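Numbered by UniProt numbering, the letters in the sequence shown go through residues 1 to 277 in order.
To start, the structure itself, in structure tokens.
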Amino acid sequence: MEHRSYMNRHGTAPVTVVALLLLVITCSLPAAAQAQSETPELVLISSHQHDSEAFTQGLEMHDGSLYESTGLYGHSSLREVDPLSGQVIRQTELDESLFAEGITVVGDSIVMLTWKEGVALVFDIESLTVVANHTYSGEGWGLCYDGTHLVMSNGTSELAFRNPEDFTLASTLQVTEQGNEVSLLNELECVGQTVYANVWGSDSIIAINKSTGEVGLTIDASTLAGNESDDYNAVLNGIAYVSEQDAFLITGKNWTSMHLVSFGGTQAVQDKENSES
Numbered sequence: 001m002e003h004r005s006y007m008n009r010h011g012t013a014p015v016t017v018v019a020l021l022l023l024v025i026t027c028s029l030p031a032a033a034q035a036q037s038e039t040p041e042l043v044l045i046s047s048h049q050h051d052s053e054a055f056t057q058g059l060e061m062h063d064g065s066l067y068e069s070t071g072l073y074g075h076s077s078l079r080e081v082d083p084l085s086g087q088v089i090r091q092t093e094l095d096e097s098l099f100a101e102g103i104t105v106v107g108d109s110i111v112m113l114t115w116k117e118g119v120a121l122v123f124d125i126e127s128l129t130v131v132a133n134h135t136y137s138g139e140g141w142g143l144c145y146d147g148t149h150l151v152m153s154n155g156t157s158e159l160a161f162r163n164p165e166d167f168t169l170a171s172t173l174q175v176t177e178q179g180n181e182v183s184l185l186n187e188l189e190c191v192g193q194t195v196y197a198n199v200w201g202s203d204s205i206i207a208i209n210k211s212t213g214e215v216g217l218t219i220d221a222s223t224l225a226g227n228e229s230d231d232y233n234a235v236l237n238g239i240a241y242v243s244e245q246d247a248f249l250i251t252g253k254n255w256t257s258m259h260l261v262s263f264g265g266t267q268a269v270q271d272k273e274n275s276e277s
């Protein structure tokens, strides 16, 4: 998670013998080494305005409304945003001692992480006022809800699955690609059996199988990031699934645009992962 000045931020043998040797070598490789994550094409559907002053930390679409959390001490907020115009419809500003991070909707509430403060704020979705809070250890980066658990990232390669009622830890999962841990997991979006994640400091979105932790897809969004400021902080961050269109709204920190995109068809991704589980 980018935090500006607060943080500095990877002889010829017979054919049958050759074939047999290849088979033995292939079978001896670890399964993770054999599995290559796919790189589907990112398809741009439409582009919309985005508040360039918004240091985007979380993005969530719910019942046709778009919610966004913005970070930095003294500038953190939770807001409802018009997804077409980018205009802020309503907003709640946080205390200057809090640095807002990822958000997700659970029922009639929005849960928001904070960076180093170790507190998750629970907002009433109608009034955008804080109605409860939970504590946790370590940093908070990204958050999504899979219908059973809150899935949380902290900048490492680990995802934490927490109970939505009291934020207690249920389990953890290491995220890997070809046997290697994938760290700097940032903003998250839960869709079915998949957790989509921004990787801090990169132009990539990865699709993680939430049962195995294996990265199945890596989506390259560099063509969109290339149209934005080259400021170190203006990185890709923000993923909101739009179920009606099986597509995603994505943006970045202080980006001037928000984009509706698809990558390979989310339902196709789900079918592929289910067949491999």
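By construction, the Cβ of each residue, glycine as well, lies at the ideal position given by its N, Cα and C atoms.
For clarity, every value in this text was computed on a predicted model and none was experimentally measured.
Residue i (DSSP reduced to helix, strand or coil)
| i | result |
| --- | --- |
| LEU66 | strand |
| LEU224 | helix |
| SER243 | helix |
| ASP124 | strand |
| ASN174 | The residue asked about is misnamed: residue 174 is Gln in this sequence, not Asn. Strand. |
| TYR145 | strand |
| GLU139 | coil |
| PHE167 | coil |
| VAL235 | coil |
| CYS27 | Note that CYS27 scores 38 on pLDDT, short of 50, meaning its location in the model is unreliable and no value can be drawn from it. |
| HIS75 | coil |
| LEU94 | coil |
| MET258 | strand |
| ASN209 | strand |
| LEU184 | coil |
| SER153 | strand |
| GLY252 | strand |
| THR39 | coil |
| SER204 | strand |
| HIS50 | coil |
| GLY107 | coil |
| GLU117 | coil |
| GLY58 | strand |
| LEU84 | coil |
Candidates the options: closest to residue i by CA position
| i | options | result |
| --- | --- | --- |
| VAL130 | LEU121, VAL151, SER137, GLN91 | LEU121 |
| GLU93 | THR194, GLY86, GLY74 | GLY74 |
| HIS134 | ASP166, GLN193, MET61, ASN209 | ASP166 |
| ALA207 | ILE239, ASP230, GLN91, ALA160 | ILE239 |
| THR212 | GLU181, ASP230, ASP220, ASP231 | GLU181 |
| VAL106 | ILE205, ASP146, GLY138, VAL191 | ASP146 |
| SER76 | PRO164, LYS253, LEU224, LEU260 | LYS253 |
| residue 279 | ARG90, ILE205, GLN57, VAL151 | Because the chain is modelled from 1 through 277, residue 279 falls outside the range shown and cannot be assessed. |
| LEU59 | LEU260, THR251, VAL261 | THR251 |
| GLY138 | GLY155, ARG90, GLN193 | GLY155 |
| GLU244 | ARG162, SER65, GLY142, MET258 | SER65 |
| GLN91 | VAL81, ALA100, SER85, PHE99 | VAL81 |
| SER127 | GLU41, GLN178, ASN227, ILE89 | ILE89 |
| GLY86 | GLY226, SER52, LYS116 | SER52 |
| TYR241 | ILE45, CYS190, ALA221 | CYS190 |
| SER204 | LEU150, ASP220, SER153, TYR196 | ASP220 |
| SER97 | TRP115, HIS62, GLU41 | TRP115 |
| SER257 | PRO40, PHE55, GLU41 | PHE55 |
| LYS210 | GLY226, ASN227, GLY192, SER222 | GLY192 |
| TYR136 | THR148, ILE125, PHE161 | PHE161 |
| ALA132 | THR148, LEU143, CYS144, SER109 | SER109 |
Beta-carbon proximity check, residue i vs residue j, cutoff 8 Å
| i | j | result |
| --- | --- | --- |
| VAL43 | PHE248 | no |
| VAL215 | VAL175 | yes |
| PHE123 | LEU72 | no |
| HIS259 | LEU224 | yes |
| SER69 | GLY118 | no |
| LEU159 | THR104 | no |
| HIS48 | LEU84 | yes |
| SER153 | TRP141 | yes |
| ILE45 | VAL261 | yes |
Closer than 7 Å: residue i CB and nearest the ligand SAH heavy atom
| i | result |
| --- | --- |
| SER153 | As far as ligands go, the structure on display features none, and thus does not contain the ligand SAH. |
Below-8 Å beta-carbon distance, residue i vs any chain C residue
| i | result |
| --- | --- |
| GLY155 | In the structure shown, chain C cannot be found, because there is only a single protein chain. |
>> Quick check: the stretch 185-205 against the stretch 230-246, are at least 3 beta-carbon pairs closer than 8 Å?
In response: yes
> With contact counted as at least three CB pairs below 8 Å, one residue from each stretch, are the stretch 164-171 and the stretch 181-196 in contact?
Replying inline: no
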